[in-house]
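See structure below.
Protein chains: 4
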Amino acid sequence: MQSKTRMIGRDGPSFIEVARRAQIVECAIETIASLGYAQASLNQIAERAGISKSVISYHFAGKDELIDQVLEDVSAAGAALMWPRVQAEETSAGMLRAYIQSHMDFMRTHPRHVAAVSEILLHNRTQFDDGQATPLEERLREGQRDGEFRAFSPRVMAWSIRAALDEVARRFVANPGLGLDDCARELTTLFDLATNRSAAAETQVAHDRSRDCP
Amino acid sequence: MQSKTRMIGRDGPSFIEVARRAQIVECAIETIASLGYAQASLNQIAERAGISKSVISYHFAGKDELIDQVLEDVSAAGAALMWPRVQAEETSAGMLRAYIQSHMDFMRTHPRHVAAVSEILLHNRTQFDDGQATPLEERLREGQRDGEFRAFSPRVMAWSIRAALDEVARRFVANPGLGLDDCARELTTLFDLATNRSAAAETQVAHDRSRDCP
Amino acid sequence: MQSKTRMIGRDGPSFIEVARRAQIVECAIETIASLGYAQASLNQIAERAGISKSVISYHFAGKDELIDQVLEDVSAAGAALMWPRVQAEETSAGMLRAYIQSHMDFMRTHPRHVAAVSEILLHNRTQFDDGQATPLEERLREGQRDGEFRAFSPRVMAWSIRAALDEVARRFVANPGLGLDDCARELTTLFDLATNRSAAAETQVAHDRSRDCP
Amino acid sequence: MQSKTRMIGRDGPSFIEVARRAQIVECAIETIASLGYAQASLNQIAERAGISKSVISYHFAGKDELIDQVLEDVSAAGAALMWPRVQAEETSAGMLRAYIQSHMDFMRTHPRHVAAVSEILLHNRTQFDDGQATPLEERLREGQRDGEFRAFSPRVMAWSIRAALDEVARRFVANPGLGLDDCARELTTLFDLATNRSAAAETQVAHDRSRDCP
DNA sequence: GATGAATGAGTCTTCATTCAT
DNA sequence: TATGAATGAAGACTCATTCAT
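Chains as they are written, first to last, in the working numbering: chain A, 135 to 348; chain B, 135 to 348; chain C, 135 to 348; chain D, 135 to 348.
As C-alpha cells, then:
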C-alpha cells in the first residue's frame, strides 16, 4: 500500500496485505538465495512471484524496506527456533553446541532463508558495528567468566563461528546434497575443541614439549 | 576479443600490453577495495587509472576477464608469499599455523588486494566448485594421514579456516585499526586446537566424563 | 465514466455525491498549494482527504476532471467575490481598481485557492484560448469606449494585469509575510497610471518634448 | 562525457563535445517551449534530437545540469543582447524602454528560448529568493534616486514587468502570429506611464479631483 | 458507494559494451 | 594503441488508472 497513513484505525493490515507481503518476502529470499544479492532485482523477485514489479512497490516503500523485512522475518524465525534450545542448556559448552546445532537445523528447514540473510549481511556491511558485541559473543564471554572456556578473544571466536555457519549455509544452498548432520557434528566438535579449557591445557603441554625438544 | 588475435603473433603480448594490463588490474583492485564491488564500475576504475574507459575494453575482453585477472594475480601473489612458508614447515600443525600466519601477513602487506578478492568472491559466488579440493584441504588431509591431525572432515575444516580468514580480512578493511597480530594468534590457536590429535583425545575424555555423571 | 450514468437518473447527483466531490476538490486545492502541481499526486490528495485513492477515481472521471473542477470552483468563488464589487463601481478606473483590490482580497482570504489555480494554469498552459476575450479584457475595452481609458491594447493590458496578479499570488504563497495591502496599492496605482487618459496625455507631452530637444 | 575529471590538460572540451551539448540544449529548449516543462522528459528531448536518451546522460551529469545549462545559455545570450542596449541609454526611462524593447527583440529572434526559460523559472520556484534584488529592480531603484521615476515599490514593479514579458513570451510561442512589435509598444508605454514622475503627478491630481466630487 | 489491490506506462539514472577515428 | 562518443539494457521508483469485491 502506497500511503503511509496506513489506517490508524483498529484493524491494522488486512489479511491479504499480510499474505502478499509474506509472499513477496519469500520470493525475495528465494531469489537472493538463488541468484545472489547483486542479481536479485525487483524484476527478478516479481517474476518469481508471478506478479508485476510494481506490486512490490505497492506493498513496500522500496527495496530497502523489503530487504529489511527479509532480515527481520528470518532473524525472528531463527531466533525463535534457536534461543530456546540454547537457553535450555546448562553449560556454556552445551550452549555453544546447541547454538551451532540449532543453527544447522534451522538451515535444514530454511536453507534459502539462511543463505539469503547471509548474502544480505555480507553486502550491507555498512553497519559493521565492530563496536557492539553480538549475543553470541556475550555468551562466549560468559563461558569464560564461568571458567568453562579457555582464554580467547570472544570477538574473533564469534566471527569465526558465524563465518563458518554462513559458509556452510551458502554451500548448502548451492549443493543441497550436502550432509548437514555431518557438518553440524564437524562444527560442534571444531568449536568445542577450540573453546574448552582442558583441550587448551593439554595442547599447551604439547606445544611446550614441542618447543623443548625440536 | 582482440587480444586473441594479438596472441597469434610470434612474440606474445608486447611489453606495453603487459604493463597496461597490470596497471589496470592494480587500479581495479584499488577501486574495488575502496568502493566495494558494486560501486566499482569500469568508469570508476578507469578514472583512478587516469585512462579512458575504453582502454579497459581494449585490453580485456570484458569486465569479467578483468575481474578474473584480479583474482588470478592476487591469488598468485598470495600463493607466492604463503606456500614457501607453509612448505618450509615440517609438521602439519606447523604448516597450518604458517598458512594462517602468512595469510595474515599477506593481509597486512596487501590489505586492499585481499579486500578486493574478498569482495569479488562474495559477489561472484556462482562457481562454487564443491567438487574439487583446495590445496588447503589437501594439506589438512595429509596431516590426517600422517596421524598428526585428529579425524575431521578436511572439507568442512578448510571451509571454516577460509571463512574465518576472509571474515578477518573484511573486518580489517572496514577497520584498519584491527590488531592483525592478535587475530593471527587467536586463529592459529583456534585451529590448532581444532585439529590436533591430543586436544581431541583429551576433550573426548572430558565429554565421556560429562556423559557419565550429568 | 460512471458519473454520467448516474446523472441520467431523475434527481441528479445525490447530496453525498456533491459533498464528496467538494471535499475532494478542497483537498486537491490544499495539496496543490502546499506541494506544487508536480508533487500533487492523487495519492497525496487522497491522503490529505483521509480517503482512499480510488474514491477520487470514483467521483471523478480522472485527474483531469478533478483539476478542471478545481479551476471551476475557484473561479466561481473568485468571481462571486469580485464581480459584485467591480460592478458596484461607476467609473472604469474604479472598476479596474476594484478588480485588482478584490483580487488581492480574495488572495488574502483564500491564499491556497489562488495558489492552486496559479499552479494549475502554469502547468496546463495547453489551452491558450487566445481567440476569446476574458471578462477583464472586455471591461478594459469598455473603459476605452467610454473615453475614460487611453488607447491601448486591451488584450495586452489584460495579460499584464493578470500576470502581475498571478505573480503576486505566487510570491504570497511562497512568502506569506508579503504585505498584500502594499502590493494592492502598488498595482492599483500602476495600472491606474497605465490606463488612464490624462496621465497618458501628460506623458505624451513629455515624450514629445524629449524628442524635440534631445 | 561521464567522467568528471574532464581533462585537466590543456584542451578543454572537444569541438564535437561542445556541439553535442549545444545541440542537446537547443532540443531541450525546443521541447520545453513546445510541451511545457512538466512534459519535457529526457525521452522527449532525445527524440527531438534524434539521439538516444543516454546520450544526454553522457554529455550532462543529469537532467538538472541540462536545465541549468539551458538557463545559463539563454540568460547569457539574452544579457548579451539586452544590457548593451540598456546601458546605452542615458535616462532611466530610456533604459526601461530599452529593457522591454530589447527583451521583445530577443523574443522575436529566440521565442522558444524565452518561453523555455520562463517555464523553467516558473517550475523551479524553489529559489524564489525574495531577499535578493534583480538587476532590473536595481535599475528601477536607481531611476527613483535620480528623481526620474515616481515613488513606487521597485520590487513589485520589477515583478510586474517580468511577469508581463514572460506572459507575452508564452503567448508568442503558443501563437507565433502574435504581433511582437505591437506588444513591445504596448508594454513600453504601459510601464513608461506606470513609472514616470509627471504622469503620476497628473494622475494624482485627477485622483484628488475625483475624490473631491464623486 | 467505497476501497484495497494490482498494473503498465513512464521517470531518471547507471553501466558495460561497441565503434569510428 | 588509444579514446571520445554513443548506445541499449536494466536498475529503482512514481503514478494514474482499472477492477473485483
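Virtual Cβ for every residue (Gly too), placed ideally from N, Cα, C. No experiment lies behind these values; they were computed from the predicted model shown.
- Contact between A:Arg296 and A:Leu270 is confirmed by a C-beta separation of about 7 Å, below the 8 Å threshold.
- In this structure D:Ser236 is in contact with D:Val220, their Cβ atoms being roughly 7 Å apart against a cut-off of 8 Å.
- By the 16-neighbour rule on beta-carbons within 10 angstroms, C:Arg279 is exposed.
- In this structure the segment 158–165 of chain D lies against the segment 190–207 of chain D, because at least three pairs of beta carbons, one per stretch, are closer than 8 Å.
- A direct Cα-Cα distance of roughly 28 Å separates C:Met216 from C:Ile179.
- Those residues of the segment 203–231 of chain A placed with their C-beta closer than 7 Å to a C-beta in chain B do not exist.
- Boundaries cannot be given for A:Pro310, as no alpha helix (DSSP H) includes it and DSSP labels it neither H nor E.
- Between D:Arg273 and D:Met229, the C-beta spacing is below 7 Å.
- Remark: C-beta atoms of A:Ile254 and A:Ile185 do not approach each other more closely than 7 Å.
- Taking the Cα positions, A:Leu299 is about 47 Å away from C:Lys187.
- With respect to the C-alpha of B:Ala167, the residue from B:Leu321, B:Asn309, B:Phe325, B:Leu324 having the closest C-alpha is B:Asn309.
- Judged by beta-carbon spacing, D:Thr268 lies beyond the 7 Å limit of D:Ala249, meaning their Cβ atoms are not closer than that value.
- Residue pairing of A:Phe283 in beta bridges, as defined by DSSP: A:Asn330.
- For a Cβ distance threshold of 8 Å, nothing in chain B lies close to A:Met238: the least Cβ distance comes to about 11 Å.
- Rounded to the nearest angstrom, the gap between the Cα atoms of A:Glu151 and C:Gly265 is 53 Å.
- For a Cβ distance threshold of 7 Å, residue set Leu324, Leu327, Ala328 of chain A lies close to B:Ala328, ordered along the chain.
- When C-alpha distances from A:Tyr192 are compared across A:Glu320, A:Pro218, A:Ser287, A:Arg155, the shortest belongs to A:Arg155.
- Neighbours of D:Ser191 across chain C, judged by C-beta separation under 9 Å, do not exist; the nearest C-beta is about 21 Å away.
- When DSSP states are grouped into helix, strand and coil, C:Asn177 belongs to the helix group.
- A Cβ of chain D is located within less than 7 Å of the beta carbon of C:Ala297.
- Between C:Cys317 and chain D, the shortest Cβ-Cβ separation is below 7 Å.
- The continuous stretches of alpha helix (DSSP H) do not include C:Ala267, and DSSP gives it neither H nor E.
- In summary, the residues of the segment 170–194 of chain D whose CB is separated from some CB of chain C by less than 7 Å are Gly170, Ala172, in the order they occur in the chain.
- Annotation for D:His247: the continuous alpha helix (DSSP H) segment containing it runs 245–257.
- Straight-line spacing of the CA atoms in B:Phe149 and B:Glu181 works out to 23 Å.
- Shown here for D:Ala227: same chain residues with a beta carbon closer than 8 Å to its own, the five before and five after excluded, namely Gly277, Glu282, Phe283, Asp326, Thr329, Asn330 in chain order.
- In summary, D:Pro218 is exposed, with fewer than 16 beta-carbon neighbours lying within 10 Å of its beta-carbon over all protein chains present.
- Contacts with chain C at 7 Å (Cβ-Cβ) include D:Ser294.
- DSSP places C:Ile295 in the helix class (H, G or I) of the three-state scheme.
- For a Cβ distance threshold of 9 Å, nothing in chain D lies close to C:His247: the least Cβ distance comes to about 18 Å.
- In the three-state DSSP reduction, B:Ala303 falls in the helix class (H, G or I).
- For B:Pro218, the enclosing alpha helix (DSSP H) begins and ends at 197–222.
- Around D:Val302, the same chain offers Cys317 as residues with beta carbons nearer than 6 Å, after the five sequence neighbours per side are excluded.
- A direct Cα-to-Cα measurement between B:Ile190 and D:Phe194 gives close to 23 Å.
- The Cβ neighbour count for D:Arg304, taken over all protein chains shown within 10 Å, is at least 16; the residue is labelled buried.
- Shortest Cα-Cα distance from B:Gly196 to any of B:Ser175, B:Ile234, B:Thr323, B:Ala211 involves B:Ser175.
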